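So the structure is just underneath, and the comments pick up after that.
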C-alpha cells in the first residue's frame with residue numbers, strides 16, 4: 001500500500017498564522033510570565049515556533065500523553081507517558097497542542113491540570129478538527145480549523161513518520 005501526502009496548509013501559511021497567534025498571546029499576557037506546556041511529541045514543533053513569537057516572559061515544560069498508538073484514529077484511552085517536571089500551582093499556563101480531534105485527550109488533560117491549581121489555564125492548538133469532536137473542549141487559540149482528514153507534518157505523524165515535513169499535509173493510502 002503506497003502512501004501519498006498532499007499539502008493542506010503550506011509552510012508559509014503555517015508560519016504566518018503562528019506569528020499572528022504569538023502576537024495575540026503576547027497581547028493577552030502582557031506583563032505576565034506565561035508557562036507553556038507542550039503536549040509531546042507532535043506539539044514540540046509548534047510550541048518552539050510559537051514561543052519564539054511571544055514577547056512576554058516564557059517558561060516551558062513538557063508532557064506526553066497518548067491515545068493513538070499506531071492507528072489513524074484515537075482509541076479514546078488516554079495514557080500519561082511523561083508528566084510535568086515542575087508544579088504549575090499559581091502559574092499562568094497555556095497548554096500547546098498540535099491537533100484537537102475527538103477532544104477526549106485534551107478534556108482529560110485539562111481537567112487534570114485544573115486540579116493542580118494554576119492561576120489560569122488556557123488551551124492553544126495549531127489544528128482543530130471540530131467535525132470529529134465527541135467531548136467538548138474550550139480552545140482559546142486556534143491556528144486552523146481543518147476537515148476530517150488524517151494530517152501529517154509540522155510535528156504530526158503517522159506511525160512516527162512525516163513529523164519533519166515543514167507543512168501540514170493530508171495522508172492517503174492507495
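Numbering (the numbering used here), first residue to last: 1 to 174.
Ideal Cβ placement from N, Cα and C applies to all residues, glycine included.
Please read these numbers as outputs of a predicted model, since none were measured by experiment.
Do you know how far the Cα of residue 48 is from the Cα of residue 61? For residue 61 and residue 48, the distance between alpha carbons rounds to 12 Å.
Which residues does DSSP list as the beta-bridge partners of residue 63? Partner(s): 39.
Sort 105, 127, 17 and 93 by Cα distance to residue 81 and report the nearest one. Checked all of 105, 127, 17 and 93; the closest Cα to residue 81 is 105.
Buried/exposed call for residue 12, threshold 16 Cβ in 10 Å: Counting Cβ neighbours within 10 Å, residue 12 comes out exposed, since fewer than 16 surround it.
With a threshold of 6 Å on Cβ separation, who are the neighbours of residue 64 within its own chain once the five nearest residues in sequence on each side are excluded? The residues are 40, 81 and 82.
Please name the residue, chosen from 2, 119, 3 and 9, that lies closest to residue 126 on a Cα-to-Cα basis. Relative to the Cα of residue 126, the nearest Cα in the group 2, 119, 3 and 9 belongs to 9.
Just how far apart, CA to CA, sit residue 55 and residue 174? Taking the straight line from one Cα to the other gives about 45 Å.
Ignoring anything shorter than 3 residues or poking outside the stretch 83-116, list the beta strand (DSSP E) runs there in chain order. Qualifying beta strand (DSSP E) stretches, in chain order: 92-100.
By DSSP, does residue 3 sit in helix, in strand, or in coil? Of the three classes helix, strand and coil, the one that applies to residue 3 here is strand, per DSSP.
Please return the same chain residues whose Cβ sits closer than 6 Å to the Cβ of residue 131, not counting the five positions on each side in sequence. 148.
To the nearest angstrom, report how far apart residue 121 and residue 114 are at their CA atoms. Answer to the nearest angstrom: the Cα atoms are 7 Å apart.
How many angstroms separate the CA atom of residue 139 from the CA atom of residue 88? Their Cα atoms are separated by approximately 19 Å.
Considering only residues of the same chain and omitting the five flanking positions on each side of residue 108, which have a CB-CB separation below 6 Å? Answer for residue 108: 78, listed in chain order.
Within 7 Å, strictly: CB atoms of residue 58 and residue 169: Cβ distance not < 7 Å, so residue 58 and residue 169 don't count as in contact.
Boundaries (first-last residue) of the beta strand (DSSP E) holding residue 168: Run containing residue 168: 168-173, per the beta strand (DSSP E) assignment.
Quick one, which of 160, 153 and 172 has its alpha-carbon nearest residue 166's? Nearest Cα to residue 166 within the set 160, 153 and 172: 153.
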